[in-house]
Amino acid sequence: MTLGRFTPTQRLLHWLMAACIIAMLFIGVGMVSTVLPKYLTLVAIHKPLGIAILALALIRLALRLRYGAPPLPRDLPAPMKLGAQLSHYALYALMILMPLLGWGMLSAAAYPVVLFGAVRLPPILPQSDSLHTLLWSAHYLLAFVFFAIILLHVAAALFHALIRRDGVFETMAPLPRDRVAPAE
Amino acid sequence: MTQRSAIGSLIAIAAIVGGAALAFAYTAGWFSPDRLRPERYLAALQPSAGPALGHRRNHAKGICFTGVFSSNGAGAALSKAQLFTEGRYPVTGRFSLASADLAAADGSTRVRALAFRIVSPDGQEWRSGNISAPFFPVGTPDAFLDLLVSSGSEDPGAMPAFAARHPEIAAFGAWAKAAPWTGSYAEERYNGLNAFIFTDASGADHPVRWSLLPKDQPVDVSADELAKRSPNFLEQEIAERVSRGPVSWTMAVAMANQDDPIADPSKAWPDGRRTIEVGMLTVQQVEPEPDGPCREINFDPAVLPVGIRTSEDPFPAARSAVYAKSYDRRTAEASKYPATPAGAKR
């Protein structure tokens, strides 16, 4: 079955961002769990990496709007199609929202938002105890939601690749098509 | 596809997803109760009656000030931070007692503190907390947690056992017992204690510690005399003193010799280190904390301008992590600490 593929740029961004986002989530939960010196190192990576993900996510959203996505197989059950669509909306929303929440919560706490060296971002909110609390809580809770949706996404991708073998995984696979065995 | 290989594939998928979830939980520390989490420091700091909601989890009681840092330019030899070039830079700061107890009496709290935030025109910030003790009680964040837990323990054997594990505490005990007391925040010397690295314009690194030396002559007052004063006399005294005229400290930056301990703030560097006076910190106005300008500031010692960075001293990282957690907690409880205290006249 051939469904077409995402454009090479879309595939490149997908796998690059997959690595960045998974690293980001691990850095995030790891850094808040320790007072050891690696805390500062991890925070110093977390901030610029988050902004990089935000920039990449915006580029990716533009590419998605411009080039779209290959269709899902016609015989895919409706609930799975719906699940695929909703989870993709959620992933795009989180890729864009999480860095903004982080930037906003640092702003609301009157912390300087340092990317590296003298490069800083301006605050996007005034100092506010209630906003800080709201944004911090959202950033923290949504990190776990994000990771859960990524696990679901990985499970679904592997389900398509290994069990349904319906060509969906190949639409985003980094390998050239001729190296992927045909489904039937 | 055979049913058998489908089951094998499902098991593989479950293993991959489950393994990733376990790795995430491990990274988050869910399987590591011994990890030095910031929450453990807050729990250990907590007074028996519980934390003062809406307040800092340590140094709970304090008063805000604003003022100016007048740099004489000499610090530029050590650090390229703009605030060491000759000029005047705005300061927001806080005097406080080194106690987690909001009701701590000013006269009986041994360690006093001055925190500052200096902002330079390039937008860089230097935040720092400094205390009146000449060195820290212990040498590692791990030992500090042990100290907090042991000193808060009801077991009479806890502190002797701690002292056996960490004999360096004896030096601090001796200081606390013998050092003179003063009757004013203005007469204290405040020490940064932690070593930081200053980087000059040529890129050379200089491990340093800094201190704030009072311009006002310290007058010794006995501990017995201080214990008789009103529990808030330090706050009243500094507000009155500053209302009569600004109060200043000289900022002195000491450079480490080759073998000086960088990583251990429980060990003071011997006298005679090359020291540069880099400027003057002047307090011009004192304001109560509830609506004061320092309330919203976390004096996170890892907020540093380019030209200052942390050293192998592990405390600034630990303080940064714990202060952030304290800030998260107290801002979430802000309604418990009204901006204008109940019954206060405006």
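Listed in order, the protein sequences are those of chains A and B.
Just so we're aligned: 30 in this note's numbering is position 30 of the first sequence, and the numbers increase by one with no gaps anywhere.
Count along the second sequence starting at 1, add 1000, and that's the number in this note's numbering.
Backbone N, C-alpha and C fix where the C-beta goes; we use that ideal spot for every residue, glycine too.
Note that this is a predicted model, so its numbers are computed, not measured.
1) May I have the straight-line CA-CA distance separating Leu82 (chain A) from Thr171 (chain A), to the nearest angstrom?
2) Please tell me whether Pro1141 (chain B) has its Cβ less than 8 Å away from any Cβ of chain A.
3) Ignoring anything shorter than 4 residues, give me the alpha helix (DSSP H) runs that lie fully in the segment 71-142 of chain A, in order along the chain.
4) Quick check: the segment 1078-1087 of chain B against the segment 1298-1309 of chain B, are at least 3 beta-carbon pairs closer than 8 Å?
5) Please go through the segment 1096-1183 of chain B and give each complete beta strand (DSSP E) segment of 3 or more residues, from N-terminal end onward.
6) Less than 8 Å separating the beta-carbons of Gly1272 (chain B) and Met1251 (chain B)?
7) Going by the DSSP bridge assignment, what does Ala1252 (chain B) pair with across the sheet?
8) Around the C-beta of Asn1257 (chain B), are 16 or more other C-beta atoms found within 10 angstroms, so that it is buried, or is it exposed?
9) Looking only at its chain, what residues have a beta carbon closer than 6 Å to the beta carbon of Ala1263 (chain B), apart from the 5 residues adjacent to it on each side?
10) Is His1206 (chain B) helix, strand or coil when you go by DSSP?
11) Could you tell me how far apart the beta carbons of Arg1094 (chain B) and Phe1299 (chain B) are, in whole angstroms, since I believe they sit closer than 8 Å?
12) With a threshold of 16 other CB atoms inside 10 Å of the CB of Phe1031 (chain B), please say whether the residue is buried or exposed.
13) Across which residues does DSSP place Glu1287 (chain B) in a beta bridge pair?
14) The beta strand (DSSP E) spanning Ile1262 (chain B) covers which residue range?
15) Does the Cβ of Glu1188 (chain B) have 16 or more other Cβ atoms within 10 Å, making it buried, or fewer, making it exposed?
16) How is Thr1282 (chain B) classed by DSSP in three states: helix, strand or coil?
17) For a contact meaning CB atoms closer than 7 Å, what does Asp1328 (chain B) contact in chain A?
18) For the beta strand (DSSP E) that contains Phe1198 (chain B), what are its first and last residues?
19) Using the beta-carbon of each residue, which ones in chain A are nearer than 8 Å to Asn1298 (chain B)?
20) Write down the C-beta distance between Pro950 (chain B) and Asn1194 (chain B) rounded to the nearest angstrom, noting that I regard them as a contact closer than 8 Å.
21) Give the interface partners of Thr1310 (chain B) over in chain A, defined as CB-CB distance under 8 Å, in chain order.
22) How many whole angstroms separate the CB atoms of Glu1237 (chain B) and Ile1063 (chain B), which I take to be in contact at a CB cut-off of 8 Å?
23) Are Leu1102 (chain B) and His1059 (chain B) closer than 8 Å when you measure CB to CB?
24) Please list, in chain order, the chain B residues whose beta carbon lies closer than 9 Å to that of Ala155 (chain A).
25) Tell me, please, which residues DSSP counts as bridged to Gly50 (chain A).
26) Please list, in chain order, the residues of the segment 11-30 of chain A that have any C-beta partner in chain B closer than 8 Å.
27) Within the same chain, show all residues whose beta-carbon is closer than 8 Å to that of Leu1145 (chain B), passing over the 5 residues directly before and after it, in chain order.
28) Please tell me whether Val1283 (chain B) and Val1247 (chain B) are closer than 8 Å, where the distance is taken between their beta carbons.
29) Hey, does Ala1028 (chain B) have any beta-carbon neighbour from chain A nearer than 8 Å?
30) Would you mind telling me which residues of chain A sit closer than 9 Å to Arg1037 (chain B), beta carbon to beta carbon, in chain order?
31) Specify, as a first and last residue, the run of the beta strand (DSSP E) that Pro22 (chain A) falls within.
32) So Thr1310 (chain B) is in the beta strand (DSSP E); what residue range does that whole segment cover?
33) From Phe1198 (chain B) to Ala110 (chain A), what does the alpha carbon distance come to, in whole angstroms?
34) When you compare only the Cα positions, how much space is there between Leu142 (chain A) and Leu151 (chain A)?
35) Helix, strand or coil: how does DSSP classify Thr1085 (chain B) here?
36) Would you say Pro48 (chain A) and Leu135 (chain A) are within 8 Å of each other, going by their C-beta atoms?
Taking the coordinates as given:
1) Rounded to the nearest angstrom, the two C-alpha atoms are 18 Å apart.
2) It does; some Cβ of chain A falls within 8 Å.
3) Listed in chain order, they are 78-108.
4) Yes: the two stretches touch, three or more of their Cβ pairs being nearer than 8 Å.
5) You should have 1112-1119 and 1125-1131.
6) In this structure, Gly1272 (chain B) sits away from Met1251 (chain B), with a CB-CB distance that is not shorter than 8 Å.
7) DSSP, once it has assigned bridges, lists B:Ser1211 and B:Glu1277 as partnering Ala1252 (chain B).
8) Exposed, since its Cβ has fewer than 16 Cβ neighbours within 10 Å.
9) The beta carbon of Ala1263 (chain B) is closer than 6 Å to those of Glu1312 and Asp1313 in its chain, skipping five residues each way along the sequence.
10) DSSP places His1206 (chain B) in strand when its eight states are reduced to three.
11) Right, the Cβ-Cβ distance comes to about 7 Å (below 8 Å), so this counts as a contact.
12) With fewer than 16 other Cβ atoms within 10 Å, it is exposed.
13) Beta-bridge pairing links Glu1287 (chain B) to B:Cys1064.
14) No beta strand (DSSP E) holds Ile1262 (chain B); DSSP gives it neither H nor E.
15) Per the 10 Å Cβ criterion, buried.
16) Strand, per DSSP.
17) Ordered by position in chain A, the residues that pass the 7 Å Cβ test against Asp1328 (chain B) are Trp136.
18) Where Phe1198 (chain B) is concerned, the enclosing beta strand (DSSP E) stretches over Phe1196 to Thr1199.
19) Those within 8 Å of Asn1298 (chain B) in chain A are Ala109, Ala110 and Tyr111.
20) Nothing can be reported for residue 950 (chain B): it is not among the residues displayed for chain B, which extend from 1001 to 1346.
21) By Cβ distance, chain A contributes Pro37 and Leu40.
22) That belief does not hold up - the Cβ atoms of Glu1237 (chain B) and Ile1063 (chain B) are roughly 10 Å apart, past 8 Å.
23) Taking 8 Å as the Cβ cut-off, Leu1102 (chain B) and His1059 (chain B) do not qualify as a contacting pair.
24) What Ala155 (chain A) touches in chain B: Ile1013, Ala1014, Ile1016 and Val1017.
25) Paired residues: none, contrary to the question.
26) Within the segment 11-30 of chain A, the qualifying residues are Leu25, Phe26, Val29 and Gly30.
27) The residues are Leu1036, Arg1040, Tyr1041 and Ala1044.
28) With contacts defined as CB atoms closer than 8 Å, Val1283 (chain B) and Val1247 (chain B) qualify as a contacting pair.
29) Yes, contact with chain A.
30) In chain order: Val32, Ser33, Thr34 and Val35.
31) The sequence shown places Ile at residue 22 (chain A), not Pro. Ile22 (chain A) -> not in any beta strand (DSSP E); alpha helix (DSSP H) instead, spanning Pro8 to Met31.
32) According to the DSSP assignment, Thr1310 (chain B) belongs to the beta strand (DSSP E) that extends over Ile1308 to Thr1310.
33) Approximately 24 Å between the Cα atoms of the pair.
34) For Leu142 (chain A) and Leu151 (chain A), the distance between alpha carbons rounds to 14 Å.
35) DSSP places Thr1085 (chain B) in coil when its eight states are reduced to three.
36) In this structure, the beta-carbon distance from Pro48 (chain A) to Leu135 (chain A) does not fall below 8 Å.
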